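Some notes on the structure that comes next.
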Amino acid sequence: MNTREIVSMESEIQQAIEDHAEETTTLAGEKVQVLYEERAITVAGLYGLSLGEVFKQALSQNIVPYCYIRNQGIISIKDQLKLAVSRVAVVGAGGLGGNVIILLARTGIGHLVVIDADKFDETNLNRQALCVRENIGRPKAAEAVEKVKEINPAVEVIAHVGRLTSENAGEILRDVDVIVDALDNVLDRFVLERTAKELSVPMVHAGIAGFEGQLMSIFPQDPGLQLVYGDPEKWQRPKRTPEVVLGVPAVTASLLATLQAMEVLKILLGKGEAMRNKILRPDLETGEFHHIVFA
Numbered sequence: 001m002n003t004r005e006i007v008s009m010e011s012e013i014q015q016a017i018e019d020h021a022e023e024t025t026t027l028a029g030e031k032v033q034v035l036y037e038e039r040a041i042t043v044a045g046l047y048g049l050s051l052g053e054v055f056k057q058a059l060s061q062n063i064v065p066y067c068y069i070r071n072q073g074i075i076s077i078k079d080q081l082k083l084a085v086s087r088v089a090v091v092g093a094g095g096l097g098g099n100v101i102i103l104l105a106r107t108g109i110g111h112l113v114v115i116d117a118d119k120f121d122e123t124n125l126n127r128q129a130l131c132v133r134e135n136i137g138r139p140k141a142a143e144a145v146e147k148v149k150e151i152n153p154a155v156e157v158i159a160h161v162g163r164l165t166s167e168n169a170g171e172i173l174r175d176v177d178v179i180v181d182a183l184d185n186v187l188d189r190f191v192l193e194r195t196a197k198e199l200s201v202p203m204v205h206a207g208i209a210g211f212e213g214q215l216m217s218i219f220p221q222d223p224g225l226q227l228v229y230g231d232p233e234k235w236q237r238p239k240r241t242p243e244v245v246l247g248v249p250a251v252t253a254s255l256l257a258t259l260q261a262m263e264v265l266k267i268l269l270g271k272g273e274a275m276r277n278k279i280l281r282p283d284l285e286t287g288e289f290h291h292i293v294f295a
């Protein structure tokens, strides 16, 4: 297609979206143009587009995909478009990562990269949001693709079934906007952090054990994990990690995953204050949230 044909096609798509949209009144009493998913699918079929592409185009025309209507008020149409064009990598699709993936998909992150080498087993049923009895034995990353399709088919998910290493991390994480550390061991976290800094990408770290957890956002110029764990060269793979000793109940995984997802939104949208150079340590038994600030 030449330039004139491309412009004509874009105009035709814009008009089709406008024709398929309708005005509604939000619960807050505001009138807004919305696009129902069924109508968005119709437009996608007419022009050979993905649902995500239609959603992004609609948002650029100030038309809200109806599934995001309850985001309005706190997330503007402009912000929703920012999320729709964003790419977030979630490394680990277990207790933390599975919850983060679902939260980001529901919120409208347009592109997710999921990395995990593990398969679901029966012990995952207590806390891992992507795990159900029917998918025990299946790769966690692959199941993330299927679950997100059920929740929000406008989200593109790329699954990497395998372990992230120093050799492959740079290629797998290339072009993402934020990285979520949902790993369960310190050594792999240092590998992930090193790659994030090399790529100049912010990383959101969290860890859980028992009814406690920790959260920190790490930007490329920040000291990062060494503030928490010290010298990475001194770390060995422990046989008994805090998670093994104290367990990993669902409530802790859900809370820390929610906090991680919120950090991702703050970073992408430039809202609030990210947890940089400090740790948030929730204790669910006492109901206390402790901040450790590094000078």
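Read in order, the letters of the sequence shown correspond to residues 1 to 295 in my numbering. Cβ atoms here follow ideal geometry from the backbone N, Cα and C, with glycine treated the same way. In this text, all values refer to a predicted model and were calculated from it rather than measured experimentally.
Judged by DSSP in its simplified three-state form, Gly207 adopts strand. When C-beta atoms of the region 186-203 are compared with those of the region 160-169, three or more pairs fall below 8 Å, so the two segments count as touching. Counting along the chain, no alpha helix (DSSP H) covers Gly213; the unbroken beta strand (DSSP E) around it starts and ends at Glu212 to Ile218. Contact fails between the region 109-125 and the region 198-217, because fewer than three Cβ pairs, one in each stretch, are under 8 Å apart. Following the DSSP letters along the chain, one finds Lys31 inside the beta strand (DSSP E) bounded by residues Lys31 to Leu35.
Distance between Leu256 and Leu215, taken at the CA atoms: about 7 Å. Residue burial is scored here from C-beta neighbours: Arg189 has at least 16 other C-beta atoms within 10 angstroms and is therefore classed as buried.
In this structure, the beta-carbon distance from Gln33 to Ala21 falls below 7 Å.
Nearest neighbour of Met9 by Cα position, chosen from Gly29, Lys31, Leu51 and Gln57, turns out to be Gln57. Closest in C-alpha terms to Gly230, from the list Phe294, Arg174 and Glu285, comes Phe294. In the DSSP annotation of this structure, Pro223 is not part of any alpha helix (DSSP H), being labelled neither H nor E. Of the other Cβ atoms in all chains shown, fewer than 16 fall within 10 Å of the Cβ of Thr25; this residue is therefore exposed.
Between the alpha carbons of Gly213 and Thr42 lies a distance of about 45 Å. Excluding five sequence positions before and after Tyr36, the CB atoms of its chain that fall closer than 7 Å to its own CB belong to Tyr66, given in chain order. Here Val180 has Val90, Val100, Val204 and Gln260 as same chain residues with Cβ atoms under 6 Å from its own Cβ, once five neighbours each way along the sequence are excluded. Taken atom to atom, the span from the alpha-carbon of Pro139 to that of Leu104 is near 20 Å.
Of the candidates Leu81, Val228, Gln14 and Ala40, the residue whose Cα lies closest to the Cα of Leu265 is Leu81. The Cβ atoms of Leu130 and Glu143 lie closer than 7 Å to each other.
The beta carbons of Val148 and Val161 sit about 15 Å from each other, so the pair does not count as a contact at 8 Å. For a cut-off of 8 Å, the C-beta gap from Ile267 to Pro220 is around 12 Å, too long to register as a contact. Judged by DSSP secondary structure, Arg106 falls outside any beta strand (DSSP E) and instead within the alpha helix (DSSP H) spanning Gly95 to Thr107.
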